[in-house]
Each structure stands twice: as C-alpha cells, then as structure tokens.
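Heads up: the structure comes next, in structure tokens.
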Amino acid sequence: GAVVSQHPSWVICKSGTSVKIECRSLDFQATTMFWYRQFPKQSLMLMATSNEGSKATYEQGVEKDKFLINHASLTLSTLTVTSAHPEDSSFYICSASGNNQETQYFGPGTRLLVL
Amino acid sequence: LAKTTQPISMDSYEGQEVNITCSHNNIATNDYITWYQQFPSQGPRFIIQGYKTKVTNEVASLFIPADRKSSTLSLPRVSLSDTAVYYCLVGSNTGGFKTIFGAGTRLFVKA
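Right, dumping it as structure tokens:
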C-alpha cells in the first residue's frame with residue numbers, strides 16, 4: 001500500500017518551454033501533497049505544500065508564478081515549471097500524505113534537464 | 116520546526132549491525148520520527164516510524180529515548196545493497212507536516 005507515482009520519470013526540454021510533472025497517489029487519498037527539488041549530492045529541498053482544493057503554500061525563495069502547483073483531486077497533483085531555464089534542471093520529487101496518516105510517501109522522482 | 120542532525124557519513128562491512136543516530140532537540144509533542152532510505156536518482160523510501168520507545172519491523176528497529184530528543188535507526192546485518200543515504204524526519208500531520216530534510220547520512224557498506 002501507499003504507492004505514489006510520478007510521470008514522466010525524466011524529461012528534456014528546450015529553454016523557455018513549460019514542463020508539467022504529475023504526481024499520483026495510487027491506493028490512498030492524498031489530502032496533502034508536497035513537492036521537493038534535489039540537486040546532485042544534496043538533500044531534498046521542500047518547494048511547496050498543497051492541500052486538495054486549495055492554493056499551494058510555497059517555501060521562501062520559491063517563485064509561485066514559475067512553479068505552478070495544482071492539487072485538483074485527492075489523487076493527483078501537478079507541478080508545472082514555466083519558462084524553464086537550465087538552472088531549473090534538477091530532480092523533482094513529490095510526496096503524499098493521507099488524512100489519518102503520519103507519514104509522507106514519496107514518488108520515484110522526475111529528472112528534468114533544460115537545454 | 117524540528118531541525119535534525121545526523122552524521123554525514125558512515126562506513127560498515129557486510130553482516131554488521133549499523134546504528135545511525137539523529138538528534139532532534141526541539142521535537143514537538145505531536146511529532147513522529149520517520150526514517151527514509153534513498154538510492155541515487157530515486158525517491159526516498161519509507162523504512163520505519165515511531166513516536167516513543169522502540170519500534171521494530173522486518174527491516175529495521177527504531178529506538179527513541181524517553182525525552183525524544185534523539186532517535187537511533189538500527190539496521191541488522193547490512194548488505195552491500197544497503198549502501199544509500201538515510202534521512203530522519205520529524206513532523207506530524209496535525210502540524211501540517213512541516214518538515215525539513217537534513218543532510219542525511221551516507222552509509223557505505225563494504226564487502
């Protein structure tokens with residue numbers, strides 16, 4: 001149980017384009033989803049927290065207009081990197097938590113490379 | 116926010132028991148302690164979670180002293196495939212799960 005998927009697993013795009021990453025909870029209802037970014041050899045950095053049906057809460061320093069988060073249902077959250085630039089290249093990981101869960105379950109991650 | 120501190124790295128040999136300790140001095144009353152394992156280019160994988168005393172599952176044990184200001188992840192008889200980064204996280208659903216990842220501990224298991 002408690003499986004979280006991400007799609008795509010990797011993506012290469014040109015600078016200036018937008019990329020959408022999906023995060024799905026496959027066997028539970030995720031009332032809260034989290035988006036993290038991880039650079040090589042570094043720890044995970046929380047970007048934003050989203051609750052189903054409400055606006056995401058972004059961490060300090062994360063541009064909400066650049067990283068659009070939509071948590072439209074209890075099983076799906078999307079992260080859109082708008083006007084991507086090479087410095088946005090990173091490993092993006094989502095996690096999800098259900099209403100009565102004290103645990104975050106993580107997706108497998110999405111590798112983004114912006115050329 | 117409960118900040119966590121772990122050793123940066125540890126080395127071990129196959130078959131040994133490995134104990135990784137995490138400090139979380141400002142843990143809140145509602146916070147749980149969760150340990151994750153991460154391999155390169157993968158998302159963190161849940162290992163074990165506890166609130167107090169001792170918790171054991173099929174892969175690890177978690178020891179939490181009475182003051183809950185630290186916790187120790189115990190991996191029995193490690194193998195080469197246990198080489199990974201291990202993170203301890205402190206947080207709770209009631210607290211909005213506001214958690215900050217520390218640097219983690221890089222465990223390297225040698226033959």
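Going down the list, the protein sequences come from chains G and S.
Numbering-wise, the first sequence is residues 1 to 115 according to the working numbering.
Numbering-wise, the second sequence is residues 116 to 226 according to the working numbering.
Using N, Cα and C, we set each Cβ at its ideal position, and we do this for glycine too.
For glycine 165 of chain S, the enclosing beta strand (DSSP E) covers residues 160-165. Against chain S, the beta carbon of proline 108 of chain G has neighbours under 8 Å at Gln157 and Gly158, listed in chain order. Taking C-beta separations shorter than 7 Å and ignoring five residues to either side along the sequence, the partners of alanine 199 of chain S in its chain run Gln152, Gln153, Phe154 and Leu222, following chain order.
For phenylalanine 223 of chain S, none of the residues of chain G pass the 7 Å Cβ criterion, the least Cβ distance being about 14 Å. With respect to the 9 Å criterion, valine 81 of chain G and lysine 14 of chain G are not classified as neighbours on the basis of their beta carbons. Using a 10 angstroms sphere on the CB of serine 186 of chain S, the tally of other CB atoms reaches 16 or more, which defines it as buried. Scanning its chain for C-beta atoms nearer than 6 Å, with the 5 sequence neighbours on each side dropped, one finds around cysteine 137 of chain S the residues Thr119, Gln121, Ser186 and Cys203, in chain order. Exposure of glutamine 29 of chain G is indicated by the presence of fewer than 16 other C-beta atoms within 10 angstroms of its C-beta.
The C-alpha of serine 43 of chain G lies about 20 Å from the C-alpha of cysteine 23 of chain G. Taking isoleucine 135 of chain S as reference, the option from S:Gly158, S:Asn145 and S:Ser127 with the minimal CA-CA separation is S:Ser127.
In the structure shown, leucine 79 of chain G falls within a strand segment according to DSSP collapsed to helix, strand and coil. Between the stretch 33-52 of chain G and the stretch 60-79 of chain G, the count of C-beta pairs closer than 8 Å reaches three or more; the two stretches touch. A residue is called buried when at least 16 other Cβ atoms come within 10 angstroms of its Cβ; alanine 175 of chain S meets this threshold and is buried.
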